[in-house]
Each structure stands twice: as C-alpha cells, then as structure tokens.
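Residue numbers (our numbering), protein chains in the order written: chain A, 1 to 285; chain B, 1001 to 1370.
Virtual Cβ for every residue (Gly too), placed ideally from N, Cα, C.
Here is the structure we will look at, set down as structure tokens.
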C-alpha cells in the first residue's frame, strides 16, 4: 500500500529538520574540532571532519590544560561545581516548595502582594545585585568562599522555585488541604503526606532549573568565588583566555564540551519531565 | 457519640461584605439538617464556620456544652465530605480512609479494623488498593464518605456532595447517605442548592437567602407552609404559583377573585389570615401546582372546593402527569394533574379544582406569610 504523505507534513518535518540542523551545527563543529589534532586544525578547514579522530584534546582539557600558571585541567573546577550544585539545587527547591505551599494553600493577608514582590527577584538583572551582594557577603564574612557563592545562588534561586511551586499548587483543588485539616492533620503533616507526594514533576522542573542556572552561571561565579572554589565555567574561561604559544582550539573545544556535558545529559534524561512538569495542570484527584 | 449544635448570633463578614447576619440555629443530637438556598446565600460559609475552616466574625458556636467557636477543625471532632471529594491523590483508598486515624495516632490493628468496617458498610472492599484516579465519581464519593465515617466523629458535614454526579448516580447516593444516617444516627449538616435533595434527606430544613435564615422546619412544614414567597418559590418544582389578588369579603367570609386570562372572574373562599386584612387590600395567593385536580377527582377532595376554568398556554404530557401553564390575574400559573384521572386535555381551556384551605397567603409588601 502506498503511504500518502501530505505536503503540509513534508513542509513541517522539513522545517523542523532544518531548524535542528541550524542549532546542532555549531556543536558539530565543536565536536569535530575537539577530535582533531592541532596540525589538522591549522590547515584551516573548520568544517571538515577529523581524518584521524583522537581524544587527546579531551584528556588534556580534563587534566592538563593551563589556567594561568596552573596546569591541571578543568577537573578540580568541575568538582567544585559539583559540590556547589548539590546545596544550591536542593535548598531552593525545598524552600520553594514550602513557599509555594503557603502562598497557594495558606494565604494570608497580603500574600499576593508578597508573591508579587518575590517575583521581582526573577526579573532583576544579575548585574544590579552584584555590589549589594558583595557588601552583604563581606558583612557575613563569606566573601570569596564556597559558602558565599552558594548563598548567592540559593537566594537568587528562591524566587524562581517559589514561582514554580506556587503556580503548580494553585491548580490543586483547595478542598484537598481543607479535607486534611478537618481530618486533623497539621501544617507539616499536610505538607509531607499530601503535598510532597504529588509534587514529583515540579520538583524535577525546579531541580533542573537550579542545576542549569548554577552550572552555567559565569557572572556570580567569577565575582563571588574564591581562588580555590572557582566553578568550572570560570576555569573554562581562563583556559580559553590563557595562551602560551599557539592557541589550542581543540583543547578549548573539548573543555567547553566537557563543561557543558552535565547540563546536556540532564536535559536528555529528564527533559520530558521538564516539559511535563511545566505544562502539568491540575492533579486529578 | 453525637452532638447537639447551638449557633448564637453568628455573623461573618469578608471586608465590607456581610455573608452571614446574626444567624441563630439549634440542632438536636442525631438530626439530619439540610442547609439549602441559592448560591451566595451563605450556606457554605455557615458550614465552614461550623467545621472551623472559617472563623466567625461574631457570635458563638457550641457542640453540646462545649464552646468550639475558636477551636481549629482538628479539635472539633467532626468529619466533612466535599463536593470535589478531595481524596488525597497520592494515596490508595485504604490510606485515604486511614489518614485521619493515623494523624490521631490510632494503633495499626485498630485502624485496619476500622477500615474493614467502613469498607464493608459502603461496599468498597474491592477498591481498597486503588488510587482516586482509578475510580469513577460514584466510587470516589463512597470513599469520601468512608473517610468521614472512619473517624466516628460526633458531627458529619456534607458540602454539596452530590453536585458532581450525574442524575442517576445522584439519586442512588442520596439513598446511600440516608441509609448511612439511619444506621449511625450522627448529627449531620448537609449543604445543597438542590431542593429535592433537601426535601428527601432532611429531618429539618434550613432555608437561607443572602445571609439570613428564612425558615427552619420539617420538609413538610417548609413545603406546605412556607414562611415567605422566597421559600415558596425556592422549594418545589415547578415552584409554588404566586398570584396577586385583593381581599374581597362576601358576607364577612374572606375571599378573593381570580381572573383566568380570557375567562370570567371567579370568587374563591380563603382562610381568614391571622393578621387582619381590610377589604380591597392586596395579597398574594400561593398554590402548589399539584394542588390542581381534574374535576373527576372531586370525591377525593375535602371541604370547600373551588373550581376554575383555566386557559392552556403550554401543555406537557409527562406520562404520569400533565403539566400545563396558564395565566391567572396576569401571573403565569403552572398546574400538575394526575394523568390517570382525566382524558388528555384538548382544546384551549381546562376545568380544574382545588381546595382553598390548601392555599397560602402572603403579604405583597413584606412577602411574609399572612
């Protein structure tokens, strides 16, 4: 039987494939350059495929590339970011969950205004808060430390996570919490036994959001981290900017790919949860 | 254990809006009380105040002799069934029923016994391991009732529990609720906007409008002797006919003239109202649609019988009865006639009978019963 493919379908798929190609193209060039040797790169054809693919550049980027006088690759900084990520993803997610629970199910006088003010936190440009933030960290004795950078990310994450959870919980039937209150449950009993178990999709959204925000952040990282707490994005910048003799494009590309890999993997694994969580409406009860 | 409820001068305001004005109500232990009224009449707010999800602005609330006005819901020993069922989505039926017991730290063995008891009573044993999303509306409603019953509270509250069900299931669950109440005899307050539910379930009906109680009484009292025109037209379907007329005495006997559209004026005898009314003063005559009868039913009627020839505007044969609308004294009047007692009405008019003593009189100024 002849499958009939309507013209409109052809156009849609054609358009999608074209768009995907445009987005994937830079990455393909990065990957191919990262697998090349320096002599091959110096021929000057960035679009050609590697003749003799090698992972040497990746190995060097991981453990041998120089940032300034320090030549141990990005691995230490990579680990720094991993350490940074754990509290900065978990804490704002938890606090956002609590905030969202209160702002949607336990409204108080002025809670809508409070939420509106909190949302300002989502729209304030990062640059605006740099100086006051530095001042506050100085007062707290957290300047140039892990703790300081974590605090900044946690504080900056809360408005976003609160918004996610609040908007998710607002679609719950209000009778759920009312029923639990009549059943005799306390504020936290309701939170743990009723609200948290139905928050799966939005917890994933919040974790992914914080993960990518913190992992990809450069501005806060370069300003608030100390010498021994530099995250990978700062190190990546330093590697690319450090040049002694020839510029090693293959190592730069490899380092960038390694630094970007975790967010890529997170999206590949849980992207569908992300979309589902963002679009999930009412939890049918 | 079942409790009496005493509500004194209860008032609830939201900002400038007064939702409940000085509500007074006494409910005896074990009674099934239905709060009924159109949306916005304050019945749900009153229920919220009784269960403690809302704080009254003023007034007091007692369960037996205990002042519960300011107690949180969990200290009131009550259970509530909600319109949307409000089952906990992440829990199985068993966990839903158990939740309130668990929160109250009942030991596992007792909890299991209680779940079994309730599940048997409501015939939901086979559903215990399902989640709310895997059940139909009627099943969820049963589970919601089970959850409320498991705690053996001293008061049951129902907030429009049947509104989300289809018509057939609604009747079925209505019977179920009545059966459960007859079984456990726990004081129950039931909120609905459906007057049929109110009449069929209640020991006592409380009719509300705009934050005021209009009338408290048994279903029969509410139906036969509505306190005002609002209650008269809210309860019953089709509602009570309200016909404007003037007092016109004959030889000292109270009466009024009815003028069917296109017909001749017809004087009917009325009960002497408790409040003296002068001749020529306006009043409203209330007649239930089913008070009209075919002439062949005359032997069934007592005492005085009035006769009217009504023009037929619209006729609806419904199998067991004929419903038709007519016009009397300029007002639309509907009548329900037993189909067995007469031939299919054809023609433009129909002769009907009614008993004047079954007629209600209202004051057009205050709209209260005379």
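C-beta neighbour in chain B for residue i, strict 8 angstroms
i, result
"residue 189 of chain A", "yes"
"residue 284 of chain A", "The predicted model places residue 284 of chain A with a pLDDT of 43, which falls under 50 and marks its position as unreliable; any figure quoted below should be read in that light. Interface residue, yes."
"residue 181 of chain A", "yes"
"residue 204 of chain A", "no"
"residue 281 of chain A", "Residue confidence for residue 281 of chain A is low, a pLDDT of 44 falling below 50, so the modelled location carries little weight; the figure read from the coordinates is stated next. No, no contact with chain B."
Listed by chain order, chain B residues near residue i by CB distance under 7 angstroms
i, result
"residue 173 of chain A", "1084, 1086"
Neighbour list for residue i in chain A, Cβ cutoff strictly below 7 angstroms
i, result
"residue 1128 of chain B", "None at all; the shortest Cβ gap to chain A is about 17 angstroms."
"residue 1317 of chain B", "Per Cβ cutoff of 7 angstroms: no residues; residue 1317 of chain B is ~42 angstroms from chain A at best."
Expected contact under 8 angstroms - CB spacing of residue i and residue j to nearest Å
i, j, result
"residue 1220 of chain B", "residue 1160 of chain B", "Actually they do not touch by this definition, with Cβ atoms about 24 angstroms apart."
"residue 1311 of chain B", "residue 1342 of chain B", "So it is not a contact: roughly 17 angstroms between Cβ atoms."
"residue 20 of chain A", "residue 214 of chain A", "That belief does not hold up - the Cβ atoms of residue 20 of chain A and residue 214 of chain A are roughly 28 angstroms apart, past 8 angstroms."
"residue 1005 of chain B", "residue 1024 of chain B", "Incorrect: roughly 12 angstroms between the Cβ atoms, too far for contact."
"residue 1309 of chain B", "residue 1351 of chain B", "5 angstroms"
"residue 111 of chain A", "residue 226 of chain A", "Contact flag wrong, Cβ pair sits at about 38 angstroms."
"residue 1188 of chain B", "residue 1033 of chain B", "7 angstroms"
Under 9 angstroms by beta carbon: chain B residues contacting residue i
i, result
"residue 198 of chain A", "1088, 1089, 1090"
Neighbouring residues, chain B, relative to residue i (Cβ below 8 angstroms)
i, result
"residue 178 of chain A", "1053, 1080, 1082, 1086"
Residue i at chain A interface by Cβ criterion, 8 angstroms
i, result
"residue 1184 of chain B", "no"
"residue 1103 of chain B", "yes"
"residue 1074 of chain B", "yes"
"residue 1015 of chain B", "no"
Listed by chain order, chain A residues near residue i by CB distance under 8 angstroms
i, result
"residue 1099 of chain B", "180, 183, 185, 193"
Within chain E, the residues that residue i reaches when beta carbons sit closer than 7 angstroms
i, result
"residue 1111 of chain B", "Any reference to chain E falls outside this structure, whose protein chains are A and B."
Continuous alpha helix (DSSP H) stretch holding residue i: start and end
i, result
"residue 1340 of chain B", "Note, residue 1340 of chain B: premise wrong, no alpha helix (DSSP H); not H, not E."
"residue 1367 of chain B", "Taken as a continuous stretch (DSSP letters only), residue 1367 of chain B belongs to no alpha helix (DSSP H), as it is neither H nor E."
"residue 1351 of chain B", "First-last for residue 1351 of chain B: 1349-1354, but that is the beta strand (DSSP E), not the alpha helix (DSSP H)."
"residue 66 of chain A", "No alpha helix (DSSP H) contains residue 66 of chain A, which DSSP labels as neither H nor E."
"residue 1098 of chain B", "1093-1103"
"residue 240 of chain A", "232-241"
"residue 78 of chain A", "75-105"
"residue 1048 of chain B", "1043-1051"
"residue 181 of chain A", "175-183"
"residue 1084 of chain B", "Segment: none, residue 1084 of chain B is in no alpha helix (DSSP H) and carries neither H nor E."
"residue 1176 of chain B", "1167-1184"
"residue 112 of chain A", "111-123"
"residue 201 of chain A", "200-216"
"residue 1127 of chain B", "That residue, residue 1127 of chain B, is in no alpha helix (DSSP H); it is neither H nor E in DSSP."
Boundaries (first-last residue) of the beta strand (DSSP E) holding residue i
i, result
"residue 1322 of chain B", "1321-1328"
"residue 1284 of chain B", "1282-1287"
"residue 1014 of chain B", "1005-1014"
"residue 1062 of chain B", "1058-1063"
"residue 1026 of chain B", "1017-1027"
"residue 155 of chain A", "Counting along the chain, residue 155 of chain A falls outside any beta strand (DSSP E), though it belongs to the alpha helix (DSSP H) covering 146-169."
"residue 1360 of chain B", "1360-1362"
"residue 1115 of chain B", "Per DSSP, residue 1115 of chain B belongs to no beta strand (DSSP E); it is in the alpha helix (DSSP H), 1108-1122."
"residue 1079 of chain B", "1078-1081"
"residue 1306 of chain B", "1306-1311"
"residue 1035 of chain B", "1032-1036"
"residue 1317 of chain B", "1314-1317"
Check your understanding: At what residue ranges does the region 1187-1240 of chain B contain a whole run of the alpha helix (DSSP H), taking only runs of 4 or more?
Key -> 1195-1201, 1219-1224, 1229-1234
**Study point:** Runs of alpha helix (DSSP H) lying entirely within the region 2-63 of chain A, each at least 4 residues, in chain order
**Key:** 7-34, 38-42, 56-63
**Study point:** beta strand (DSSP E) runs contained entirely in the region 1257-1282 of chain B, provided each spans 3 or more residues
**Key:** 1266-1269
Practice item. Counting only runs of 3+ residues fully inside the region 1133-1160 of chain B, write out the beta strand (DSSP E) ranges in chain order. Key: 1155-1159
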